[in-house]
Amino acid sequence: MAKVKSTKRDIVIKALRSKQGASVFKLCALTDWKEHTVRAELSRLRKAGYVLYRMHANRVGIAAIYRITAEPTSKSAPHRGQP
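Heads up: the sequence shown is residues 489 to 571, going by this note's numbering.
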């Protein structure tokens, strides 16, 4: 069987599900996206029903880390083609 290729969204979700989470910079490196595209994807995930926790950096120059804390429920998960 052929291996199913992961989408960039799958890569982002996997990184955000990890115990340590991921920074915008790490997500940029994983996906080859620019920062504004990663932030837009984080917004789309929130809209899709994911709950993201933002761990603030304690020091200047340290990036904030994002982590998924709750998955979308079947009611809140939008279906393609429906508003």
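C-beta: ideal position from N, C-alpha, C; glycine also.
Since the structure is predicted, the reported quantities are computational estimates derived from the model, not experimental observations.
Counting C-beta atoms within 10 angstroms of its own C-beta, Gly-549 has fewer than 16 neighbours from the protein chains shown and is therefore classed as exposed. Secondary structure at Ile-556: strand, using DSSP grouped into helix, strand and coil. By the beta-carbon neighbour count (other beta carbons within 10 angstroms, threshold 16), Ala-528 is exposed.
Around the CB of Val-500, 16 or more other CB atoms lie within 10 Å, so the residue is classed as buried.
Val-526 counts as buried, since no fewer than 16 other beta carbons sit within 10 angstroms of its beta carbon.
Going by beta carbons, Val-539 and Thr-519 fall outside the 8 Å limit.
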